[in-house]
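Okay, so here's the structure we're looking at.
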């Protein structure tokens, strides 16, 4: 089974999760076994859009490594859980200003190296 993300070099990279063959529960990141029933799970491509389930502001620099402090220094940023139509909640860095964040707002996920990122979805 491949890792949970498409490689950043893939155009249109999408999140990869898994779905249980027995009870149909979906999870992210992908796992070969279902966390609910223990049955086998198959890798699936997850939706690229969802809604903001909850969020907060990261006001202190994460542990380094793996975090690399930018040359301009650390700046607080928003992180949140994006709920996908599959019922999966994905932790993502929110590429929106904290004052714009609103529970239930539509977001589009992108992937690359590290944590997924989310931006406001276009209507």
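In UniProt numbering, the protein residues as written are 1 to 123. All C-beta atoms, glycine included, are put in the ideal place defined by N, C-alpha and C. It should be emphasised that the depicted structure is a prediction, and the values quoted were computed from it without experimental measurement.
Closest by C-alpha distance to residue i, when choosing among the options
{"i": "residue 106", "options": "89, 97, 82 and 117", "result": "82"}
{"i": "residue 38", "options": "89, 20, 16 and 84", "result": "20"}
{"i": "residue 63", "options": "74, 56, 55 and 53", "result": "74"}
{"i": "residue 121", "options": "100, 65 and 115", "result": "100"}
{"i": "residue 126", "options": "68, 31 and 44", "result": "For residue 126 there is no data in the structure shown, the boundaries of the chain being 1 and 123."}
{"i": "residue 56", "options": "102, 108, 17 and 22", "result": "102"}
{"i": "residue 92", "options": "31, 54, 60 and 22", "result": "54"}
{"i": "residue 94", "options": "111, 14 and 87", "result": "111"}
{"i": "residue 86", "options": "22, 44, 40 and 32", "result": "44"}
{"i": "residue 108", "options": "24, 22, 49 and 72", "result": "49"}
{"i": "residue 80", "options": "116, 26, 33 and 32", "result": "116"}
{"i": "residue 36", "options": "15, 24 and 30", "result": "24"}
Residues bridged to residue i (per DSSP)
{"i": "residue 20", "result": "41"}
{"i": "residue 77", "result": "58"}
{"i": "residue 109", "result": "118"}
{"i": "residue 27", "result": "18"}
{"i": "residue 83", "result": "51 and 89"}
Under 8 Å between C-beta atoms of residue i and residue j
{"i": "residue 58", "j": "residue 70", "result": "no"}
{"i": "residue 52", "j": "residue 88", "result": "no"}
{"i": "residue 18", "j": "residue 42", "result": "yes"}
{"i": "residue 98", "j": "residue 78", "result": "yes"}
{"i": "residue 32", "j": "residue 40", "result": "yes"}
Supposed contact pair residue j and residue i - C-beta distance, whole angstroms, cut 8 Å
{"i": "residue 90", "j": "residue 15", "result": "7 Å"}
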